[in-house]
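> Structure incoming, see below.
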Amino acid sequence: MNRRAFLAAAAAIGLAMASSTAAQTQKCKLALIAEWALRAEQYRPVIDGTINGQKIGILLDTGAAQSLIQRSATTRLGLTRYEAKGYRIFGVGGEVPADFVLVDEFRIGEAARRNWRVLVSGEHDFSGDIAVFLGDDFFNQVDIEFDLAHHAVRLYETKDCEAASLAYWTTEPAGVVPIETGQKIWLTIAINGKPVRAELDSGAGYSVLSRADAAGLGVTPESLGVVAGGCVTGLGKRQMDSWIGLFESFAIGNEIIRNPRIRFADLWQYTTYTETGSRLPTRVAGQPDMLLGADFLRAHRVLIARSQRKMYFTHAGGTVFPIKPSKGCNYASPGDPRPDPLPKQGDR
144 MNRRAFLAAA AAIGLAMASS TAAQTQKCKL ALIAEWALRA EQYRPVIDGT
194 INGQKIGILL DTGAAQSLIQ RSATTRLGLT RYEAKGYRIF GVGGEVPADF
244 VLVDEFRIGE AARRNWRVLV SGEHDFSGDI AVFLGDDFFN QVDIEFDLAH
294 HAVRLYETKD CEAASLAYWT TEPAGVVPIE TGQKIWLTIA INGKPVRAEL
344 DSGAGYSVLS RADAAGLGVT PESLGVVAGG CVTGLGKRQM DSWIGLFESF
394 AIGNEIIRNP RIRFADLWQY TTYTETGSRL PTRVAGQPDM LLGADFLRAH
444 RVLIARSQRK MYFTHAGGTV FPIKPSKGCN YASPGDPRPD PLPKQGDR
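Numbering (my numbering), first residue to last: 144 to 491.
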């Protein structure tokens, strides 16, 4: 799937931008490429699509560097897997084998991509009929708006909007955060007044801080008031415990949350590899300190403007970091929920 396909399939609709600089605003055009309806029953942003005419769910996953198809789905869809030689995928659950398949047609609405060579990965089948994780290799081509309160995601391209605000839905000042240079959506937020590098990961079910950064802020699993946050898994086989701790503040742009309870875990403990001829594991470098997941998106209306390298947002209501204490990985009971999914965080 690429931007040209959507431009050919959807009419561009110009929208006037709300801005205090009217002269600049008159030149700015925000063109709607496509609007996708989200599945109302899904907590994470999932849309409908098809592969070779068969209906599938598509997870919109800004935390995935590359789009992929879940390994379990390839069997269901009758796709033949081939080894992806020299390709390595690392994530929360450790290193994951990589294959690829050739898809005759991948379709979302009226837009289609044919003869798609796409990666295959994943050790679990925890997502029902979700077959495709649509990753940042697609989303870095467009500006994307997450409007989960209205079960919608919108794709845009801009023209002459360098100095204009793209938060067109509000007349009040929207929060604005710079996006770091690079392929992923990395932002700087603040917890307890200290800067933290976060990645906006729409594929993660909830936001989570790294255990090391939580400890640096004085919160550990042994701290007063900390409770078990459940068992976390990703595409890999390994699982890890999480905890929920009380922090003094969370700040992003013009928004400050006092006394938030935030989940934390040793996110990157399994993102290691061993070089040929060595027995010592090396940890994959360049991982974020925090993931901002679907819980953050559900509490906000967000427009990720790659064209400006900015993220605009307004609070849409509700608790930003809702908590649900849950048993750890070693607790076994038939009534326990399945581990919470955090899809892989990068391809190396």
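By construction, the Cβ of each residue, glycine as well, lies at the ideal position given by its N, Cα and C atoms.
#1: What is the rounded straight-line gap between the Cα of residue 334 and the Cα of residue 253?
#2: Could you check the C-alpha separation between residue 407 and residue 358 for me, to the nearest Å?
#3: Classify residue 288 as buried or exposed, calling it buried when 16 or more other Cβ atoms lie within 10 Å of its own Cβ.
#4: Let me know the secondary structure DSSP gives residue 440 once reduced to three states.
#5: Near residue 304, what residues of its chain come up, given a Cβ to Cβ distance below 6 Å and the 5 sequence neighbours on each side ignored?
#6: So, are the CB atoms of residue 456 and residue 318 less than 8 Å apart?
#7: In whole angstroms, what is the alpha-carbon distance linking residue 360 and residue 337?
#8: Of the choices 262, 193, 449 and 256, whose alpha-carbon is the least far from that of residue 214?
#9: Measuring only the C-alpha atoms, how far is residue 473 from residue 342?
#10: Can you give the Cα-Cα distance for residue 372 and residue 440, rounded to whole angstroms?
#11: Considering only residues of the stretch 222 to 285, which uninterrupted beta strand (DSSP E) runs meet the minimum length of 3 residues and lie entirely inside it, listed in chain order?
#12: Going by CA-CA distance only, name the one from 201, 257 and 310 that's closest to residue 273.
#13: Find the nearest neighbour of residue 366 within the set 397, 216, 226 and 354, judged by alpha-carbon distance.
#14: Taking C-alpha atoms, which residue in 286, 259, 260 and 264 lies nearest to residue 177?
#15: Using alpha carbons as the reference points, say which of 320, 258 and 344 lies closest to residue 451.
#16: Check each candidate in 463, 388 and 346 and name the one with the smallest Cα separation from residue 398.
#17: How big is the Cα-Cα spacing for residue 167 and residue 445?
#18: Grab me the residues of residue 458's own chain with a C-beta within less than 7 Å of its C-beta, minus the 5 sequence neighbours each way, in chain order.
#19: Under the rule that 16 or more other beta-carbon atoms within 10 Å means buried, what is residue 413, buried or exposed?
#20: Let me check one thing: in DSSP terms, what residues is residue 331 bridge-paired to?
#21: When you compare the CB positions of residue 431 and residue 329, do they come within less than 8 Å of one another, or not?
#22: Taking C-alpha atoms, which residue in 403, 279, 194 and 390 lies nearest to residue 447?
#23: Assign residue 291 to one of three DSSP states: helix, strand, or coil.
#24: Could you give the uninterrupted runs of the alpha helix (DSSP H) lying entirely in the stretch 342 to 368, keeping only those of 4 residues or more?
In brief:
#1: Take the alpha-carbon of residue 334 and the one of residue 253: they are about 43 Å apart.
#2: 10 Å
#3: buried
#4: helix
#5: 171
#6: yes
#7: Going from the Cα of residue 360 to the Cα of residue 337 covers about 8 Å.
#8: 262
#9: Using only the alpha carbons, I get a separation of about 29 Å.
#10: Cα atoms of residue 372 and residue 440: separation of roughly 20 Å, rounded to the nearest angstrom.
#11: 232 to 234, 237 to 239, 242 to 251, 254 to 264 and 273 to 277
#12: 201
#13: 354
#14: Comparing Cα positions, the closest option is 286.
#15: 320
#16: 463
#17: Low confidence applies here, because residue 167 scores a pLDDT of 44, under 50, leaving its location unreliable; read the following figure in that light. The alpha-carbon atoms of residue 167 and residue 445 are separated by roughly 22 Å.
#18: Taking residue 458 as the centre and dropping the five residues before and after it, the same chain places the C-beta of 398, 442 and 443 closer than 7 Å to its C-beta, in chain order.
#19: Residue 413 comes out buried.
#20: 340
#21: yes
#22: 279
#23: helix
#24: 354 to 359
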